[in-house]
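**Student:** For the record, the sequence lines run as chains A and B. The opening position of the first sequence corresponds to residue 19 in my numbering, with each subsequent residue numbered one higher. The opening position of the second sequence corresponds to residue 7 in my numbering, with each subsequent residue numbered one higher. Ideal placement from N, C-alpha and C gives every residue a C-beta, glycine not left out. Owing to the predicted nature of the structure, the values given are computational and were not obtained by experimental measurement.
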Amino acid sequence: AQKVTQAQTEISVVEKEDVTLDCVYETRDTTYYLFWYKQPPSGELVFLIRRNSFDEQNEISGRYSWNFQKSTSSFNFTITASQVVDSAVYFCALSERNSGYSTLTFGKGTMLLVSP
Amino acid sequence: DTAVSQTPKYLVTQMGNDKSIKCEQNLGHDTMYWYKQDSKKFLKIMFSYNNKELIINETVPNRFSPKSPDKAHLNLHINSLELGDSAVYFCASSLGGDSNTGELFFGEGSRLTVL
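1) In angstroms with no decimal places, state the Cα-to-Cα distance between S100 (chain A) and S83 (chain A).
2) What residues in the region 88–114 of chain B bring their beta carbon closer than 9 angstroms to a beta carbon of chain A?
3) Please classify D73 (chain A) as buried or exposed, where buried requires at least 16 neighbouring CB atoms within 10 angstroms.
4) Assuming G127 (chain A) and C41 (chain A) make a contact with CB atoms under 8 angstroms, what is their CB distance in whole Å?
5) Between A111 (chain A) and L121 (chain B), what straight-line distance do the alpha-carbon atoms span, to the nearest angstrom?
6) The beta strand (DSSP E) with F93 (chain A) in it runs from where to where?
7) For the region 53–68 of chain B, which residues have a CB atom closer than 9 angstroms to at least one CB atom of chain A, in sequence order?
8) Does the CB of V132 (chain A) have a neighbour CB from chain B at under 8 angstroms?
9) Could you list the residues in the region 59–79 of chain A with a C-beta less than 8 angstroms from some C-beta on chain B, going in chain order?
10) Strictly by DSSP, which residues pair up with N81 (chain B)?
11) Indicate whether at least one CB of chain A lies closer than 8 angstroms to the CB of L118 (chain B).
12) Output the distance between the C-alpha atoms of E64 (chain B) and E109 (chain B), rounded to the nearest integer angstrom.
13) Out of curiosity, what's the CA-to-CA distance linking S99 (chain B) and V132 (chain A)?
14) Which of helix, strand or coil does DSSP assign to L63 (chain A)?
15) Beta-carbon of L33 (chain B) versus every beta-carbon of chain A: anything under 8 angstroms?
16) Just how far apart, CA to CA, sit N85 (chain B) and R81 (chain A)?
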């Protein structure tokens, strides 16, 4: 069975600090996808990134960067120079590909509080 | 245009009532899902339909019954509501078959409060 662990329940930082959100996953499949979603206080789920299991390249998008390491089964997310608008719950998720549909398993989320 | 839309967004009702939440997607996806987010923010899959056929049915009470009249719609009906049903329910859709990339497109959520 697949499992996603986000050990950090809540993180508080001051604006402009860098912050890393940890994600560790378990799966027996060789083909899988990893995701990060953001859930701001308004409640919707905002897709941030998808990474497939064959692509270990790190990715940077503006202030966001992701570090995927299969050797440690981790997919960590870093926000550089955090802003108050980054305050949200962040979910890491894992999807195994079963017969063409997605069984997306979420971690329990990390609440990020960025204060001015 | 909203890709995955759910109605209603907020629903407050009494214990014992029956209620429905509707979901529609205009993405042309084959597969739709219902997820439940509890008070601790934990997101868990409840059901999934592929081309109107039930493919995932997690351990959910029989009081919950999904219905998919066509592949663009997946409604959730809940009978005899209980306090513990209070949660945010998210509808989602994805491509099916070989086109599936694992990505789910989520609706905005429907917050159900049972009093």
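**Tutor:** Judging by the given coordinates:
1) Here residue 100 (chain A) is taken as the residue at index 82 of the first sequence, counted from 1. Here residue 83 (chain A) is taken as the residue at index 65 of the first sequence, counted from 1. Cα to Cα, S100 (chain A) sits roughly 12 angstroms from S83 (chain A).
2) V94, F96, A98, S100, L101, G102, G103, D104, S105, N106, T107, G108, E109, L110, F111, F112, G113 and E114
3) Translated into positions along the first sequence, residue 73 (chain A) becomes position 55. The residue is exposed, with fewer than 16 neighbouring Cβ atoms inside 10 Å.
4) The sequence position of residue 127 (chain A) within the first sequence is 109, counting from 1. The sequence position of residue 41 (chain A) within the first sequence is 23, counting from 1. That belief does not hold up - the Cβ atoms of G127 (chain A) and C41 (chain A) are roughly 10 angstroms apart, past 8 angstroms.
5) Residue numbering aside, residue 111 (chain A) sits at position 93 when the first sequence is read from its first letter. Residue numbering aside, residue 121 (chain B) sits at position 115 when the second sequence is read from its first letter. Computed Cα separation, rounded: 32 angstroms.
6) In the first sequence, the residue the question calls residue 93 (chain A) occupies position 75. It spans S92 to I97 - the beta strand (DSSP E) in which F93 (chain A) sits, taken as one unbroken run.
7) Cβ contacts with chain A come from S54, N56, I61 and I62.
8) Numbered from 1 along the first sequence, position 114 holds the residue referred to as residue 132 (chain A). With 8 angstroms as the cut-off, V132 (chain A) does not count as an interface residue toward chain B.
9) G61, E62, L63, F65, R68 and N70
10) The residue you call residue 81 (chain B) lines up with position 75 of the second sequence. Per DSSP, B:K73.
11) Walking along the second sequence from the start, residue 118 (chain B) turns up at place 112. Answer no: the Cβ-Cβ gap between L118 (chain B) and chain A never drops below 8 angstroms.
12) Sequence index remark: in the second sequence, residue 64 (chain B) carries index 58 (1-based). Sequence index remark: in the second sequence, residue 109 (chain B) carries index 103 (1-based). Near 20 angstroms, if we compare the C-alpha coordinates of E109 (chain B) and E64 (chain B).
13) In the second sequence, residue 99 (chain B) corresponds to position 93, counting from 1. In the first sequence, residue 132 (chain A) corresponds to position 114, counting from 1. Taking the straight line joining both Cα atoms gives about 32 angstroms.
14) Along the first sequence, one-based indexing puts residue 63 (chain A) at 45. Reduced to three states, the DSSP call for L63 (chain A) is coil.
15) Residue mapping note: residue 33 (chain B) aligns to position 27 of the second sequence, counting from 1. Not an interface residue.
16) To locate residue 85 (chain B), count along the second sequence from 1; it is residue 79. To locate residue 81 (chain A), count along the first sequence from 1; it is residue 63. Going by the C-alpha atoms only, they are around 46 angstroms apart.
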